[in-house]
Each structure stands twice: as C-alpha cells, then as structure tokens.
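Enquirer: The sequence shown stops at residue 732 when you use our numbering, and every number in between is there.
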Amino acid sequence: MSDQTTVVLRTASPADASAIANVYVESWGTTYRGLIPAPVLDGMRVLKQTLDWWTTLCHCQPGRGAVVAEDGAGEVFGFASFGAARQRQEPGCGEIYTLYLLADRQGRGIGSRLLLLAAQRMAASGYRSLAVWALSDNPACAFYERLGGVVADRRTITLGGVRLLETCYLWPELQQLAIRLQPAPFGEETGRRS
Ligand SMILES: CC(C)(COP(=O)(O)OP(=O)(O)OC[C@H]1O[C@@H](n2cnc3c(N)ncnc32)[C@H](O)[C@@H]1OP(=O)(O)O)[C@@H](O)C(=O)NCCC(=O)NCCS
Numbered sequence: 539m540s541d542q543t544t545v546v547l548r549t550a551s552p553a554d555a556s557a558i559a560n561v562y563v564e565s566w567g568t569t570y571r572g573l574i575p576a577p578v579l580d581g582m583r584v585l586k587q588t589l590d591w592w593t594t595l596c597h598c599q600p601g602r603g604a605v606v607a608e609d610g611a612g613e614v615f616g617f618a619s620f621g622a623a624r625q626r627q628e629p630g631c632g633e634i635y636t637l638y639l640l641a642d643r644q645g646r647g648i649g650s651r652l653l654l655l656a657a658q659r660m661a662a663s664g665y666r667s668l669a670v671w672a673l674s675d676n677p678a679c680a681f682y683e684r685l686g687g688v689v690a691d692r693r694t695i696t697l698g699g700v701r702l703l704e705t706c707y708l709w710p711e712l713q714q715l716a717i718r719l720q721p722a723p724f725g726e727e728t729g730r731r732s
C-alpha cells in the first residue's frame, strides 16, 4: 500500500507521461460521468493519452509545462499543466490547461498546492495573470471561486455531439493568487507533508 502521508510536488518529465495519462483518464471518468457523453469517456485510452502527454512533456520550456504530485511510494496521483493562454487577449496571461487529482486524493489541499506551483512557474517566466476554463457544471468551479478566480468569460464547446458550457476564471494578478494560496515567496519548488 502506498504512503499517502508524504507528498512531493515536482516538475513533470517525459518519464511521467504514462502516470499522468493514467490520472487523466481515471479522473475524467470520475469527474465527468453524467456531464460529458459516456462514449467520449469510454473511448479514452491510456496508451493514446500516454503518447500525447509524452509529446507535450518533450516540448516543455520555461513557463510551459507540467507539475506532478507524487506520494511516498513515488506514485503520481495528480498533476497540472500550464502555458500561454490560448484564448484570452490580455498580454502576459497564462493558463492552467489541466488540473486533476485521483478522486481519493482530493480535498486535502493538494490541488491548491499544484495550482500554486504552476502559478509560481508562470510568474517566474513573466506571466502576470492567469486563466482557467472549467465545465460550468463541474464542482471544481467552486474550487476556483474559493481561490479568488473571477468569472471572466463563457463559451460553448462540443464534445461527443453535445454542446457544453464552459466558464473562464481569471486571476488578473498572478501574484495575488500565490499570496492567497500560501504566503511564501515565488521560487519555492518542492512541498512535503508528513
Ligand atoms: C478541483 C481539484 C483540483 C481541487 O483540488 P483539491 O485538492 O481537491 O482541493 P483543495 O483541497 O486544495 O481545496 C482548496 C479549497 O477549495 C475548496 N474546494 C475544493 N473543491 C471544492 C468543491 N468541489 N466544492 C467546493 N469547494 C471546494 C476546499 O474546500 C478548499 O477550501 P478551504 O481553503 O476553505 O478549505 C480536485 O478536486 C480535482 O482534481 N477534481 C476533479 C478534477 C477536476 O474537476 N479538475 C478541474 C478541471 S477544470
């Protein structure tokens, strides 16, 4: 049984592609069942996701990449990916592309810490604001609101032939998010709980 009391946050590398793909597919199943058409969820394959994540992780650069949370046994159970905002027009706006934890590891502050580390990485690369898109029916919207994200936009996407509403949460000041999450200076890299 894995040691769940120790948590290390660190930069992801291509070697994490398989573990990230596992968390991604598992978490989509537990998070979006009932929100996203079942064929989309049932059609997700860890092997395909592994290849996609491997490609992504091979092209990381300052301000664009991923961070993972792993337990004392070295098992990756959560991750966040980030980079330049894909839709926002503000100059210097970064985006959290993905943020997922396995269901049994949620609600213990790890999502906040992954978000903080990603924010630190983006701030260190010159990003000044941060956006994240979430399905409007996803309970995670309350998480972003709790952390001070303000509703900045909405859009409709189509998945599996169904139109779904997404909400964009924005932190106009990236530094403010970090202060809210943890009164530690930017630059801290690794967190450990025991
Ligand atoms: C969303 C997610 C990343 C949050 O991570 P987490 O570790 O569970 O959240 P934390 O423990 O850091 O919570 C931080 C704060 O947000 C609140 N919060 C977290 N999830 C919440 C929810 N669903 N509803 C209401 N509040 C929530 C917590 O109560 C906590 O508040 P507090 O500071 O007053 O105690 C995680 O729950 C997850 O992976 N969910 C499934 C995948 C998902 O939806 N990802 C987002 C896709 S856009």
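Yeah, the Cβ is synthetic: ideal placement off N, Cα and C, and Gly gets one too.
1) Need the endpoints of the alpha helix (DSSP H) that I648 sits in, please.
2) Considering only C-alpha positions, which residue in the set L673, R626, D642, A678 is nearest to S650?
3) Let's see if you can read the secondary structure: which residues bound the alpha helix (DSSP H) around T568?
4) Just to confirm my understanding: we take G725, look at its own chain, exclude 5 residues before and 5 after, and list those with CB closer than 8 Å. What are they?
5) Taking the straight line between their C-alpha atoms, what separation do you get for I574 and S565?
6) By the three-class DSSP mapping on this structure, what secondary structure does Q599 have?
7) Once DSSP output is grouped into helix, strand and coil, what is the label at E683?
8) Just to confirm, does G567 get its C-beta within under 7 Å of one of the non-hydrogen atoms of ligand 1?
9) Just to confirm my understanding: we take R692, look at its own chain, exclude 5 residues before and 5 after, and list those with CB closer than 8 Å. What are they?
10) Find out if the Cβ-Cβ distance for the pair L637, A716 is shorter than 8 Å.
11) Compare the C-alpha of G612 against each of L719, P710, T544, Y682 and name the closest.
12) Are the CB atoms of G630 and R602 nearer to each other than 8 Å?
13) Helix or strand or just coil, what does DSSP make of L708?
14) Kindly indicate the opening and closing residues of the beta strand (DSSP E) around D691.
15) Any idea which residues DSSP pairs T549 with across the strands?
Expert: Result, derived from the coordinates:
1) Sequence index remark: in the sequence shown, residue 648 carries index 110 (1-based). Where I648 is concerned, the enclosing alpha helix (DSSP H) stretches over 648-662.
2) The residue you call residue 650 lines up with position 112 of the sequence shown. It is A678.
3) For the purposes of this step, residue 568 is taken as residue 30 along the sequence shown, with counting starting at 1. It spans 555-570 - the alpha helix (DSSP H) in which T568 sits, taken as one unbroken run.
4) Here residue 725 is taken as the residue at index 187 of the sequence shown, counted from 1. Legend: pLDDT at G725 = 40, less than 50; position of this residue unreliable, value from coordinates given subsequently. Once the five neighbours on either side are set aside, the close Cβ partners of G725 are Q658, A662.
5) Walking along the sequence shown from the start, residue 574 turns up at place 36. Walking along the sequence shown from the start, residue 565 turns up at place 27. Spanning the two alpha carbons is a distance of roughly 13 Å.
6) For this step, residue 599 is matched to residue 61 along the sequence shown. Looking at Q599 - three-state DSSP - the assignment turns out to be strand.
7) Taking the first residue of the sequence shown as position 1, residue 683 is located at position 145. DSSP, read as helix, strand or coil, puts E683 in helix.
8) To locate residue 567, count along the sequence shown from 1; it is residue 29. Checking the Cβ of G567 against ligand 1 gives no.
9) In the sequence shown, residue 692 corresponds to position 154, counting from 1. Listed in chain order, the non-local C-beta contacts of R692 below 8 Å within the same chain comprise S674, L703, E704, T705, C706, local neighbours out to five positions each way being set aside.
10) Locating residue 637 in the sequence shown gives position 99, where the first residue counts as 1. Locating residue 716 in the sequence shown gives position 178, where the first residue counts as 1. Contact: no.
11) As a working note, residue 612 is residue 74 in the sequence shown. For the options L719, P710, T544, Y682, the alpha carbon positioned closest to that of G612 is the one of T544.
12) Numbered from its first residue, the sequence shown carries residue 630 at position 92. Numbered from its first residue, the sequence shown carries residue 602 at position 64. No, they are not a contact pair.
13) What you label residue 708 is simply residue 170 of the sequence shown in a count that begins at 1. It is a strand residue.
14) Here residue 691 refers to the residue found at position 153 when the sequence shown is read from its first residue. Here the beta strand (DSSP E) through D691 covers 688-697.
15) Taking the sequence shown and counting its residues from 1, one reaches residue 549 at position 11. Residue pairing by DSSP places T549 opposite V605 in a beta bridge.
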